[in-house]
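Asker:
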Amino acid sequence: MSGVEDKFVIEPERYEFSAAPMHQFELARRDFFKILGAGIAVFAIAKDATAAQETAPGHRSFHNEEWPKDINAWVHIGEDGGVTGFTGKAEIGQNARTELAQTIADELRVPFESVRMVMADTALTPFDAGTFGSRTTPTITPQLRRGAAAARDILVEAAAKEWNVASAGLLAAEGKVVDPASGRSLKYAELARGKTLAQNLPAEDPITPATQWTIAGKAIPKVDGRAFVTGRHQYTPDLRPAGMLHGKVLRPSSFGATLTAYDDSAAKAMTGVFVVRDGDFVGVAAPSAHQAQTALDAIHAQWKEVPQISDKEIFSYLKQNAAAKTDDRFRKQRGSVEEGLTDAAHRLDATYNVAYIAHAPLEPRAAVAQWTEGKLTVWTGTQRPFANRDELADLFHVPESSVRVIVPDTGSAYGGKHTSDAAIEAARLARAAGCPVKVTWTREEEFTWAYFRPAGVIEIKSGISGDGTLTAWDFHNYHSGASGIETPYVVANQRTEYHPVPLILRSGSYRGLAATANHFARETHMDALGRMANVDPLDFRLRNLSDPRLRAVLEAAAKSFGWPRKKTQAGQGFGVACGYEKGSYVATFAEVAGDKKSGAARVVRMVEAFECGAIVNPDGLRNQVVGAMIQGLGGALFEAIEFENGRIKNPHFATYRVPRFRDVPEIETILLDRKDIPSAGAGETPIMAVAPAIGNAIFDATGIRLNNLPMVPNGLPSV
Amino acid sequence: MAKPIELEVNGKRYPVNYPADTPLLYVLRDELGLTGSKYGCGEGQCGACTVLIGGAPRRSCQIPVSAAAAKPVTTIEGLEKDGRLNPVQQAFLDAGAFQCAYCTSGMIMSGVGLLQTNPNPSQAEIVQFLQGNVCRCGTHLRIFEAVRQAAKMMREHGR
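Sequence order for the protein chains is A and B.
If you're matching positions, the first sequence starts at 1369 in my numbering and goes up one per residue.
If you're matching positions, the second sequence starts at 550 in my numbering and goes up one per residue.
1) Does the Cβ-Cβ distance between Ala-1850 (chain A) and Val-1722 (chain A) come in under 8 Å?
2) Taking buried to mean at least 16 other C-beta atoms within 10 Å of its own C-beta, is Ile-1403 (chain A) buried or exposed?
3) List the residues of chain B that Gln-1751 (chain A) touches, going by C-beta distances under 9 Å, in chain order.
4) Could you check the C-alpha separation between Asp-1835 (chain A) and Glu-1706 (chain A) for me, to the nearest Å?
5) Return the residue from the list A:Val-2026, A:Leu-1709, A:Lys-1616 that minimises the CA-CA distance to Leu-2005 (chain A).
6) Taking just the CA atoms, how far does Gly-2051 (chain A) sit from Asp-1517 (chain A)?
7) Taking 8 Å as the threshold (C-beta atoms), are Phe-647 (chain B) and Phe-2029 (chain A) in contact?
8) Taking only beta-carbon atoms, is Gln-698 (chain B) less than 8 Å away from chain A?
9) Does the beta carbon of Arg-2030 (chain A) sit closer than 8 Å to a beta carbon anywhere in chain B?
10) Measure the Cβ-Cβ separation of Gly-1749 (chain A) and Glu-1731 (chain A) and say whether it is below 8 Å.
11) For the stretch 560-579 of chain B, list every residue whose C-beta sits within 8 Å of some C-beta in chain A, in sequence order.
12) State the Cα-Cα distance for the pair Arg-1702 (chain A) and Thr-1579 (chain A), rounded to the nearest angstrom.
13) So with Cβ pairs under 8 Å, would you call Tyr-1878 (chain A) a contact of chain B?
14) Nearest CA to the CA of Lys-1687 (chain A): which residue from A:Asn-1845, A:Arg-1513, A:Leu-1569, A:Thr-2053?
15) Select from the stretch 645-679 of chain B all residues with a C-beta closer than 7 Å to any C-beta belonging to chain E, and list them in chain order.
16) Pull up the distance between the alpha-carbon of Lys-1590 (chain A) and that of Thr-1778 (chain A), whole angstroms please.
17) Please name the residue in A:Val-2032, A:Ala-1926, A:Asn-2075, A:Gln-1462 whose C-alpha comes closest to that of Asp-1987 (chain A).
18) So is Gly-2003 (chain A) in contact with chain B if we call contact Cβ pairs under 8 Å?
19) Answer with buried or exposed for Tyr-575 (chain B), where buried requires no fewer than 16 other C-beta atoms within 10 angstroms of its C-beta.
20) Buried or exposed: where does Gly-1930 (chain A) fall if 16 or more other Cβ atoms within 10 Å of its Cβ makes it buried?
21) Just the C-alpha distance for Phe-1957 (chain A) and Gln-1999 (chain A), rounded to the nearest angstrom, thanks.
22) Using a C-beta cutoff of 8 Å, does Met-703 (chain B) count as contacting chain A?
23) On the three-state DSSP scale, how would you describe Met-658 (chain B)?
24) With DSSP as the reference, label Ile-1998 (chain A) as helix, strand or coil.
25) Restricting to Cα atoms, I'd like to know which of A:Thr-1864, A:Met-1487, A:Ala-1488, A:Thr-1493 is closest to Ala-1889 (chain A).
26) Around the Cβ of Gly-1624 (chain A), are there at least 16 other Cβ atoms within 10 angstroms (buried) or fewer (exposed)?
27) Is it buried or exposed for Asn-1985 (chain A), if we count other Cβ within 10 angstroms and need 16 for buried?
28) Please list, in chain order, all residues of the same chain as Arg-1445 (chain A) whose beta carbon is under 7 Å from its beta carbon, the five residues on each side excluded.
29) Return the bridge partner residues of Leu-1613 (chain A) from the DSSP annotation.
30) On the three-state DSSP scale, how would you describe Ile-1403 (chain A)?
31) According to DSSP, is Ile-692 (chain B) helix, strand or coil?
32) Given that a residue counts as buried once 16 or more other Cβ atoms are within 10 Å of its Cβ, and exposed if not, what is Asn-1902 (chain A)?
33) Establish whether the CB of Met-1997 (chain A) and some CB of chain B are separated by less than 8 Å.
34) Take the Cβ of His-521 (chain B) as the centre, count every other Cβ of all protein chains shown within 10 Å, and call the residue buried at 16 or more, exposed below.
35) Check whether the stretch 2063-2077 of chain A touches the stretch 1601-1615 of chain A, taking contact to mean three or more Cβ pairs, one atom from each stretch, closer than 8 Å.
36) Any chance the stretch 1973-1981 of chain A sits against the stretch 1945-1957 of chain A, with 3 or more Cβ pairs inside 8 Å?
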């Protein structure tokens, strides 16, 4: 019985991570005030650098050369009373900018409007591994809170000194230190004036409990909302530095193809056009995007292609090419599955397949690069600015201190913007052209040359006793990943194993990672098992669950959904699914309308209960939860990347179907606010239970059990 | 040398020195610096580049600049008047009808276009009208609500 107590390694399916150079924290403390002006600064020192940097412990390929420096957030109070929070996290639509500013304002006792966040700029913010894994809330909000609490203490001490009184009786409120005894007050601005005071902060400082929050916990609207509704906000593709050229990159004819013949003479002859060939890289830069495309089209290239696996054979390929022996980290066992299966009154074995899907962020990958006296500045929409910086430094043989990566608030990512592709391309072209270059990927490039949520095969063997208690659970995931692989149900005999397979398509993180695939398989399977035992699907889950937080979301969602429900019309069906991951809990109920005759299957209503500890911003949270449900609906019903001969066959919105207005059902969310539990992240987990809830409802409506994602790309299968 | 095309955008006239078949979107963004209209697909499939041409919502990535020359063009930058937001913009702001907000300009322009011809659209009409606009963050329900609220605001205040 090995490894029972071991936790699964965190998110091993982040294939896009490759070994990165060592990190250096470049901004010396003395430079800090030069940039920001005088005032008071507090550097939050993480108690546990490993956790604070959200690296994946034990993951060989990721930053294991040396743990990065231990500072991951800081707070500055300027001479004008303006408060600035700094973090390497990026704003990618998840509303971190608002939530983090709320946190600082709450703890520092200043109006929300006086706080601004500087985010994801490698020259100004502390190192951060990346905006992923639902880590911003659990990691950065406590650090900023501790920084703000310490800054408040410094301000109170400064006022006490000024007035020559004991600090114990003084209060901080509304951006001022107040002496209730005398009625005197001093603004933070007055206290910060003329100071260049920096303090390192131990992580153990007490912070305000959620029950006493006044600004955090409120539904404060997204900051900069007006800039978005007026079109003034500039995303990376909107930037136009003076003298900028537009870059385009020549893509191979298919995945893995190599250049065998090449003629760029016609392109080179064009006025104002730069052509760069460097190893496998071929790109052009020109004064307009149109000219760049014309020049690219004028390059004659021949490619040698290599045989490629297609979507027709991918699932058998994945099963056959799994490593013979898996890593101990990916295997967990308890009791005897064989005995549990022998003891079972009912047995059910099934296989589930999950297709590759695309993130399809509406802002495609883009970067603007500018070289000035050997130093490189890149603006790019990435979730990992520091990794981009390191990779650029490495590729261009310059020190990391010569590369600055800045992330404008980005048009979404969903786990799809971890790599440095556009940044590298723009930087290479800019170096050749000697002026700034912007590269914006086309939609077709985005669908083809980015990376995908990996396909996977999941096999389950299981057994239950006559009263509907699980006796055996044997769960194997091939290729898609280990997130959310462990069953939350109580089973004495269980084996869970993740089997890595070498990549076929370029694959990487996707909102929720493999938790979506693993929950789809598990919760579909649980539904089928419950029906074998003639137990109501909700009762069957509750009977086998002990986790009170998971039970609570199930019960809350069931109540709002009206479970158990009587069918009132033909083709109506109801389904449920649940799970937990990354510290948060979800239960989803779905109502569908299915018509076996026409093959139509439509989601009519979804109800989801979600709990992630103390809620920092209920409005932003609701947006994320509903957004995840709608995104999950696409992968559940119809999204799939089609590929053959090393080509993506549906690299357009016309052929890769994403959820649109007509697909969106009535949606209800119940947010359980647990002020007694530290806040967890919420961007990912709300997606996990959508597909199985819908699938279970389709079975309830039609009697058709769908074990593959997407479930109904061409409507219900004919029986 | 062909006569330069003249565009009227947000009430201002601009000479344009781009080939006549250049999509309007690239002229707006790259020459006029009006980057509020977004590139999402360049194929007329996502609606992020939606502008009004002669009052009607159009995918600017699919309209040759020469075809836009005859009629006034309105982009997201042209909606705000004297610091006052268009009711559709205001309704999006009030409803928090965005997450990454990359689709927002196109959604708002489509909403403005819809309400100009149909001041009291039904639920089905709004859905039908916005079907060509992709919001990948899944903010559809709030966008829908914002358009409804804007319609209400405009009917009640005659704006």
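Beta carbons are placed, not taken as given, at the ideal position from N, Cα and C, and that holds for glycine.
Answerer: Considering the structure as presented:
1) Here residue 1850 (chain A) refers to the residue found at position 482 of the first sequence. Here residue 1722 (chain A) refers to the residue found at position 354 of the first sequence. It is not a contact, given that the beta carbons lie outside the stated cut-off.
2) Against the first sequence, residue 1403 (chain A) aligns to sequence position 35. Counting every other CB atom within 10 Å of its CB across the protein chains shown gives Ile-1403 (chain A) a total below 16, marking it as exposed.
3) Residue mapping note: residue 1751 (chain A) aligns to position 383 of the first sequence, counting from 1. For Gln-1751 (chain A), there are no C-beta contacts with chain B under 9 Å, since the nearest C-beta of that chain is about 12 Å from it.
4) Position 467 of the first sequence, counted from the start, is the residue given in the question as residue 1835 (chain A). Position 338 of the first sequence, counted from the start, is the residue given in the question as residue 1706 (chain A). Whole-angstrom Cα-Cα distance: 20 Å.
5) Within the first sequence, the letter at position 637 stands for residue 2005 (chain A). If we check each option's Cα against that of Leu-2005 (chain A), A:Val-2026 comes out closest.
6) As a first step, residue 1517 (chain A) is located in the first sequence; it is residue number 149 there, counting from the start. As a first step, residue 2051 (chain A) is located in the first sequence; it is residue number 683 there, counting from the start. Checking the sequence shown, residue 1517 (chain A) turns out to be Ala, not Asp. Taking the straight line from one Cα to the other gives about 27 Å.
7) Taking the first residue of the first sequence as 1, we reach residue 2029 (chain A) at position 661. Taking the first residue of the second sequence as 1, we reach residue 647 (chain B) at position 98. No, these two residues do not count as a Cβ contact at 8 Å.
8) Numbered from 1 along the second sequence, position 149 holds the residue referred to as residue 698 (chain B). Chain A, which has no Cβ nearer than 8 Å to the Cβ of Gln-698 (chain B), makes this no.
9) Taking the first residue of the first sequence as position 1, residue 2030 (chain A) is located at position 662. Yes, because at least one Cβ of chain B sits closer than 8 Å to the Cβ of Arg-2030 (chain A).
10) Indexing the first sequence from 1 puts residue 1749 (chain A) at position 381. Indexing the first sequence from 1 puts residue 1731 (chain A) at position 363. Contact: yes.
11) Cβ contacts with chain A come from Tyr-567, Pro-568, Thr-571, Tyr-575, Arg-578, Asp-579.
12) Here residue 1702 (chain A) refers to the residue found at position 334 when the first sequence is read from its first residue. Here residue 1579 (chain A) refers to the residue found at position 211 when the first sequence is read from its first residue. Those two C-alpha atoms are separated by around 40 Å.
13) Position 510 of the first sequence, counting from 1, holds the residue named residue 1878 (chain A). No, because no Cβ of chain B sits closer than 8 Å to the Cβ of Tyr-1878 (chain A).
14) Translated into the one-based positions of the first sequence, residue 1687 (chain A) becomes position 319. Ranking the options by Cα distance to Lys-1687 (chain A), first place goes to A:Asn-1845.
15) Looking for chain E here will not work: the only protein chains present are A and B.
16) For this step, residue 1590 (chain A) is matched to residue 222 along the first sequence. For this step, residue 1778 (chain A) is matched to residue 410 along the first sequence. Taking the straight line joining both Cα atoms gives about 14 Å.
17) Sequence index remark: in the first sequence, residue 1987 (chain A) carries index 619 (1-based). Of the listed residues, the one whose Cα sits closest to Asp-1987 (chain A) is A:Gln-1462.
18) For the purposes of this step, residue 2003 (chain A) is taken as residue 635 along the first sequence, with counting starting at 1. Output row for Gly-2003 (chain A): interface = no.
19) Here residue 575 (chain B) corresponds to residue number 26 of the second sequence, with the count starting at 1. Within 10 angstroms of the beta-carbon of Tyr-575 (chain B) lie 16 or more other beta-carbons, which makes it buried.
20) As a first step, residue 1930 (chain A) is located in the first sequence; it is residue number 562 there, counting from the start. Exposed, by the Cβ-count rule.
21) Translated into the one-based positions of the first sequence, residue 1957 (chain A) becomes position 589. Translated into the one-based positions of the first sequence, residue 1999 (chain A) becomes position 631. If you take the alpha carbons of Phe-1957 (chain A) and Gln-1999 (chain A), they lie about 16 Å apart.
22) Locating residue 703 (chain B) in the second sequence gives position 154, where the first residue counts as 1. With 8 Å as the cut-off, Met-703 (chain B) does not count as an interface residue toward chain A.
23) Position 109 of the second sequence, counted from the first residue, corresponds to residue 658 (chain B). Residue state, collapsed to three classes: helix.
24) The residue labelled residue 1998 (chain A) in the question sits at position 630 within the first sequence. Three-state result, Ile-1998 (chain A): helix.
25) Reading the first sequence from its first residue, position 521 is the one you call residue 1889 (chain A). When only C-alpha atoms are compared, the closest one is A:Thr-1864.
26) Counted from its first residue, the first sequence places residue 1624 (chain A) at position 256. When all chains shown are included, Gly-1624 (chain A) counts as exposed.
27) Numbered from its first residue, the first sequence carries residue 1985 (chain A) at position 617. Buried, by the Cβ-count rule.
28) For this step, residue 1445 (chain A) is matched to residue 77 along the first sequence. Sequence check: residue 1445 (chain A) is Ile here, not Arg. So the qualifying residues of the chain are Gly-1407, Ile-1408, Val-1451, Ala-1519, Tyr-1556, Ala-1560.
29) Along the first sequence, read from residue 1 onward, the residue named residue 1613 (chain A) stands at position 245. For Leu-1613 (chain A), which the question treats as bridged, DSSP gives the partners A:Val-1805.
30) Within the first sequence, numbered from 1, the residue matching residue 1403 (chain A) stands at position 35. Residue state, collapsed to three classes: helix.
31) Along the second sequence, read from residue 1 onward, the residue named residue 692 (chain B) stands at position 143. Three-state result, Ile-692 (chain B): helix.
32) Against the first sequence, residue 1902 (chain A) aligns to sequence position 534. With fewer than 16 Cβ atoms within 10 Å of its Cβ, Asn-1902 (chain A) is classed as exposed.
33) Your numbering for residue 1997 (chain A) matches position 629 in the first sequence. Closer than 8 Å to some Cβ of chain B, the Cβ of Met-1997 (chain A) qualifies, so yes.
34) What is shown of chain B runs 550 to 708, which leaves residue 521 (chain B) out entirely.
35) In short, these stretches do not touch, since the Cβ pair count stays below three.
36) yes
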